[in-house]
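Comments concern the structure below.
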Amino acid sequence: MEAILKDPAGAVIGLDFDGTLSPIVPDPDTAVVHPGAPPVLAELGRHVGAVAIVTGRPPAKVLELGPALKDVPGLVILGHYGFERWEDGRTSAPPPPAGVPRAKAKLPLLLDSLGVTDAAIEDKGRAVAVHTRRCADPEGTLARLREPLAALAAEHGLVVEPGRMVLEVRPSGMDKGHALGAFLTERSARSVLFVGDDLGDLAAFDAVRSSGLPGVTVCSGSTEVTALAERADIVVDGPEGVVALLRELTSAFSR
């Protein structure tokens, strides 16, 4: 943290969205950004080199759930694990792989064949996710779905990304670590802080470690996932703790 405080203009602040800037909820479509996040990110952006949200969500969905994020100066959203990028009001992305819509079409039939009727399917455009949080047995259903979803993904040249009561079928070749690492190089970062909460954020933690830069990893803690907390430099209590930490950081810059 010392390098960030001494040279904020060289710092990149990276953050996950769900569970980090937005509380986890049973229905992902009803998630909302923490009300304190947009103003503190805007203040943070006035001091540091760059602020980036690195998420599995499409950028358009992030902005739908947190409209005030559009007003954060200089914010970059690296969505779909870096496949899509939103910056200055514009989104850029390569064409989606053909395997994704094919897997989406087969997914309802697969769930029906397994007798899974209470899982929620989230169409993420370039990926499709199955959430079990609202199931009668969330953990048991998640376990039952692991192998069938892995087989479906492999059939269409895709991979499965596990998370907090969710399994996501998505393209390979990109993860939060690749996205963050490339962004650090692009911005000629001299230090980095990354905040995450789920298994997909481990790759970003690895990118911080392998960047060769002074880096800080922060876990937005939960009882559902402990792997990040075990590897984080700082552990805070969910999105409320993340916002409080960022406020402390901006206050330190102001002083």
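Its first residue numbered -4, the sequence shown is counted upward by one per residue in the numbering used here. No residue lacks a Cβ here, since even glycine has one placed at the ideal position from N, Cα and C.
- Looking at the DSSP output, THR112 shares a beta bridge with no other residue.
- A residue is called buried when at least 16 other Cβ atoms come within 10 angstroms of its Cβ; VAL161 meets this threshold and is buried.
- Nearest to GLU134 by alpha-carbon distance, out of THR86, GLU219, PRO54, is GLU219.
- CA-CA distance, THR127 to ALA145, rounds to 16 angstroms.
- The three-state secondary structure of VAL27, taken from DSSP, is coil.
- For the pair ILE116 and GLU(-3), the Cα-to-Cα distance works out to about 43 angstroms.
- Distance from the Cα of ALA88 is smallest, within the candidate group GLU150, MET169, ASP201, ALA45, for MET169.
- For the pair ASP192 and ARG97, the Cα-to-Cα distance works out to about 30 angstroms.
- Three or more beta-carbon pairs drawn from the stretch 36 to 45 and the stretch 241 to 249 are found closer than 8 angstroms, and the two stretches are therefore classed as touching.
- Non-local C-beta neighbours of VAL230 in its own chain, meaning closer than 6 angstroms and more than five positions away in sequence, comprise CYS214, GLY216, ALA224, ordered along the chain.
- The residue from ASP196, PHE189, VAL123 with its alpha-carbon nearest to that of LEU241 is PHE189.
- Partner residues in a beta bridge of ALA184, as assigned by DSSP, do not exist.
- Comparing C-alpha distances from PRO209 to each of HIS75, VAL238, THR25, LEU179 shows the shortest one belongs to LEU179.
- In this structure, LEU64 sits away from PRO23, with a CB-CB distance that is not shorter than 8 angstroms.
- Per DSSP, the continuous alpha helix (DSSP H) segment holding ILE(-1) begins and ends at -3 to 1.
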